[in-house]
Amino acid sequence: MNQTQNTDFDAIVVGSGITGGWAAKELTERGLKVLLLERGPMIEHGSGYKTEFKAPWELPYRGEGDQKQWKQDAFIQSKNFQLDEWNRHHFVNDKEHPYQTTADNGFKWLRSYQLGGRSLTWGRQCYRWGDGDFKANQQDGHGVDWPIRYKDVSPWYDRVESFIGVSGAAENLEQLPDGQFQKPMALFPPETALRQKLQTHYPERCLTIGRTANMTEAKSGRSPCQYRDICSRGCSFGAYFSTQSSTLPAAKATGNLTLMTDALVDKVRYDESAGRITGVDVINTSDRSRKHYTAKIVFLCAGSVNSVGLLLRSRSDAFPNGLANRNDVLGRYFMDHANSMGAVAVIPGFEKYYYEGNRPTGIVIPRFRNLSSASGDGTDFTRGYSYQGGAYRPTWTRGKRMAGLGQDFKNELRKPGTWMFALTVFAESLPRASNRITLSNKTDQYGVPQVNIDFSHGENEHAALRDAEKEARKMMDLLGGHVVMSSNQPGPGGMSIHEMGGARMGRDPRTSTLNGFNQVHDISNLFVTDGAAMASSACQNPSLTYMALTARAANYAADQLLNGSI
Amino acid sequence: MKRRKFIQASGLGLLSITSASQVWSALEGVDKTTLASAELLADLDALCDLMIPDTDTLGAKSVGVAPWLIIASEHELEGANSSTLTNFLNVLSPSGSFAEVPQSDQIKRLSEVDAQAFKEYSDSEIATLWRTVKALILTGYYSSKVGASEELRYKLIPGHLLPEVDITQDESANRAWSSDWMAGKL
Ligand SMILES: Cc1cc2nc3c(=O)[nH]c(=O)nc-3n(C[C@H](O)[C@H](O)[C@H](O)COP(=O)(O)OP(=O)(O)OC[C@H]3O[C@@H](n4cnc5c(N)ncnc54)[C@H](O)[C@@H]3O)c2cc1C
Ligand code: SF4
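Line by line, the protein sequences give chains A and B.
Per full-length UniProt numbering: the first sequence = residues 1 to 566.
Per full-length UniProt numbering: the second sequence = residues 1 to 186.
Structure (structure tokens):
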């Protein structure tokens with residue numbers, strides 16, 4: 001380690017969510033003294049999950065939340081259908097955390113500002129990228145070539161999966177490589193039937209159980225899943241991966257971690273003469289006091305939009321357009337999967353079956369389009385899409401859409417509804433320079449410039465969703481399903497909650513922000529390891545890849561620091 | 001008319017209590033008629049009773065859904081607002097209290113409205129209001145302790161997943177889970 005520097009910490013990690021927790025764990029385990037800065041409040045594992053065991057009748061709005069209040073302070077967060085009265089406090093107050101968008105039906109930025117970030121609220125779906133995903137930009141010319149390939153990330157996927165606990169079934173698919181899985185959760189009868197029918201009618205399509213960071217086997221102080229499916233309230237069993245249940249205890253156990261909540265990083269400081277980052281400026285969100293902390297390396301893990309916003313506002317004479325932005329790439333090539341409801345169908349023939357227990361995952365049908373070449377299937381789009389969803393039997397809420405009154409109606413609702421099957425779509429989002437994060441001239445309550453998000457889905461995404469709707473209907477037909485709803489219209493940007501890009505990796509410093517180790521091209525002690533680093537989006541949920549890239553970058557940074565290269 | 005007067009008064013009364021929990025405890029703890037007129041509560045009780053009557057489990061009136069409907073509409077659940085309930089009752093029973101209409105006429109009238117709302121999918125005022133009020137009554141009932149855990153089944157910690165329970169072999173398993181959270185949201 002470079003002994004000549006006298007800093008408060010060896011490393012500073014900004015953000016304690018999915019990636020920040022990983023950075024803190026890996027860096028502390030390598031012996032570095034780490035300051036983990038989180039802008040949101042403390043939420044203790046277990047005791048901090050205030051609503052976890054509440055029944056609906058114990059809540060004033062019976063789980064639906066104060067809709068009148070939400071119009072004032074959750075007008076964006078409530079776009080996520082999973083927002084409810086139990087988890088409302090795990091998502092931001094939209095009034096207190098404003099941002100700007102360019103389009104009318106602009107980007108919906110779904111966020112959690114708290115210890116653990118969105119690791120507390122995420123859907124836990126964990127998918128590796130295939131080698132084809134890392135080669136896609138090179139093959140069809142959209143975006144810049146990734147400087148890494150699957151083989152570079154594969155051992156880090158292993159490390160992450162083994163540590164966080166991912167349940168799933170091995171399927172030997174190149175486009176969705178197998179990982180270190182705990183035993184899979186079970187399929188429901190209509191799902192098994194569709195899996196079998198696909199094998200006969202569409203052998204290139206595989207329906208498998210959703211690979212999820214809900215554990216089916218116990219590990220180090222964490223219990224297996226109890227099948228409640230209320231994860232976003234927080235889980236005191238520690239049965240799903242969150243910072244609190246998993247990476248934070250590991251980082252704390254090293255004795256090398258200093259954790260600070262209510263600590264908003266306003267700017268990253270750059271020393272032009274040294275060509276290095278010296279530290280960060282922090283606003284205490286409780287008393288608005290400001291402090292500066294120094295470190296030898298800084299990891300940005302604030303979530304794609306916030307990390308890009310932080311770089312943009314960390315201007316200096318050397319970087320008048322934002323830190324690490326010599327090339328006008330910072331903020332551009334921002335992506336989010338285009339998602340739609342491919343089909344929802346009533347499925348006959350399985351009436352004798354019901355289930356007990358709430359499975360906290362669904363099914364996935366991985367990408368099957370354009371696998372051999374960019375648009376090799378004769379489709380009118382490049383790349384692909386995948387489905388998630390699953391089968392279920394509606395409960396009493398279906399009564400809101402049904403005719404009926406009195407005893408017969410009550411008796412009807414006493415029974416589960418007929419089986420339904422839902423297939424939602426995630427289509428790959430192509431990197432486009434015009435999809436962009438910039439700074440607005442408005443500021444927030446702390447005087448920090450707000451971000452402006454200019455985003456729209458392109459024609460390629462629309463074409464993919466049109467195909468996905470058609471194919472979803474065909475697959476429901478295979479089950480004799482009666483489609484009651486289907487769509488090829490994407491929700492507004494942000495609704496997939498897979499926002500990524502803005503500080504992309506690449507081989508060429510003129511066209512990218514980061515090198516293959518998430519390191520800023522010409523600032524060796526600054527790393528960005530959240531979704532901002534992504535050079536393309538594939539069509540899988542991305543967080544497992546963010547974690548693998550973070551673990552890889554942290555170990556690279558530790559090596560470099562310990563051998564004196566940084 | 002009395003009913004309309006009530007909502008103005010109670011609307012102001014409820015608005016002057018700022019937090020939801022205050023409203024809740026106000027309604028839980030004291031004589032509800034201090035906030036809501038006896039006529040309105042009687043009408044809502046009548047609706048609740050027609051919608052989900054007592055059977056081998058208590059129904060919506062007996063578990064006290066009516067006062068909750070007032071809170072729920074004030075706080076705009078299911079797309080309601082503070083006048084939804086009285087507006088609906090005014091068009092349902094323009095000549096006076098619905099509770100005072102003979103029960104057979106109540107059933108006839110509400111059945112007609114229900115058919116308009118859910119079979120014909122009419123967008124008439126009464127059909128639109130009824131879709132909202134019905135959703136509120138169902139929510140109030142099936143999220144109550146009786147509705148969720150006696151009429152339906154409620155298990156917060158199942159502890160296991162049985163993916164393929166044959167309900168023809170076990171009649172008791174043919175009862176919906178109120179605690180199937182995802183199915184409830186879809
Ligand atoms: C409902 C929902 C379902 C999802 N489902 C899935 C899924 O199934 N699979 C999947 O892969 N992904 C899913 N995601 C997305 C996933 O949550 C994100 O990709 C992931 O959390 C990103 O990790 P992160 O560390 O970059 O950001 P976050 O987890 O958002 O953490 C960022 C942290 O940084 C803090 N922060 C921000 N700015 C600053 C600052 N200036 N100073 C200090 N701290 C700061 C924030 O408060 C936050 O705690 C889902 C998200 C949601 C909300
Ligand atoms: S479903 Fe499993 S992981 Fe989710 S809250 Fe319940 S026990 Fe925890």
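Built from N, CA and C at the ideal position, the CB exists for glycine as well.
| Item | Value |
| --- | --- |
| Chain A contact residues for B:N174, given Cβ-Cβ distances below 8 Å | Y354, K415, P416 |
| Beta-bridge partners of A:Q182, as assigned by DSSP | A:S167 |
| 8 Å contact criterion, which A:A538 and A:G506 should meet: CB distance rounded | Going by Cβ atoms, the distance from A:A538 to A:G506 rounds to 16 Å, so no, they are not a contact pair. |
| Within-8 Å CB hit, A:E64 to chain B | yes |
| Through-space distance from A:K71 to B:A66, alpha-carbon basis | 25 Å |
| Unbroken alpha helix (DSSP H) run spanning B:V65, endpoints | 65 to 74 |
| Near ligand 2: A:C301 beta-carbon under 7 Å from a heavy atom | no |
| Helix, strand or coil at A:Q196 [DSSP, three-state] | helix |
| Proximal residues of chain A, C-beta to C-beta of B:D180 below 9 Å | D229, Y355, N358, Y392, R393, P394, T395, P416 |
| Segment limits, alpha helix (DSSP H) that includes A:I76 | Segment: none, A:I76 is in no alpha helix (DSSP H) and carries neither H nor E. |
| B:A148: contacting residues in chain A (beta-carbon distance under 8 Å) | A55, P56, W57 |
| Cβ contact check for the region 189 to 208 of chain A and the region 396 to 408 of chain A: 3 or more pairs under 8 Å | no |
| A:I12 vs A:A433 beta-carbon contact at 8 Å | no |
| First and last residue of the uninterrupted beta strand (DSSP E) at A:I437 | 436 to 443 |
| Alpha helix (DSSP H) segment containing A:P249, residue limits | 248 to 253 |
| Neighbouring residues, chain A, relative to B:L152 (Cβ below 9 Å) | T395, W396, L413, R414 |
| Classification of B:K185 by the beta-carbon crowding that lies within 10 angstroms, buried from 16 upward | exposed |
| Distance CB(A:T418)-CB(A:G389) smaller than 8 Å | no |
| Exposure of A:R288, with buried meaning 16 or more beta-carbon neighbours within 10 Å | exposed |
| Chain B within 8 Å of A:F81, Cβ atoms only | yes |
| According to DSSP, residues forming a beta bridge with A:M335 | A:M500 |
| B:V91: contacting residues in chain A (beta-carbon distance under 9 Å) | Correct list: empty, because the minimum Cβ distance to chain A is about 17 Å. |
| Classification of residue 198 of chain B by the beta-carbon crowding that lies within 10 angstroms, buried from 16 upward | Within the shown structure, residues of chain B are numbered from 1 to 186, placing residue 198 of chain B beyond reach of any answer. |
| CB contact below 8 Å: A:P189 versus chain B | yes |
| Three CB pairs or more closer than 8 Å across the region 148 to 168 of chain A and the region 252 to 265 of chain A | no |
| Proximal residues to residue 595 of chain A (C-beta, below 6 Å), its chain only, five neighbours per side dropped | Nothing about residue 595 of chain A can be reported from this structure: the residues present for chain A run from 1 to 566 only. |
| A:A503 beta carbon less than 8 Å from that of A:A551 | no |
| Proximal chain A residues relative to B:T168, where beta-carbon distance stays under 7 Å | K352 |
| Alpha-carbon spacing of A:D408 relative to B:L69, whole angstroms | 23 Å |
| Within chain B, the residues that A:G399 reaches when beta carbons sit closer than 7 Å | L138 |
| Closer than 8 Å to chain B by CB, A:Y556 | no |
| Reduced DSSP category for A:I347 - H, G, I as helix; E, B as strand; rest coil | coil |
| Rounded straight-line distance, which links the Cα of B:L138 to that of B:S178 | 12 Å |
| Counted within 10 angstroms of its Cβ, other Cβ atoms place A:M485 as buried (16 or more) or exposed | exposed |
| Host beta strand (DSSP E) of A:V282 (start-end) | 276 to 284 |
| Within 8 Å, strictly: CB atoms of B:I52 and B:Y141 | yes |
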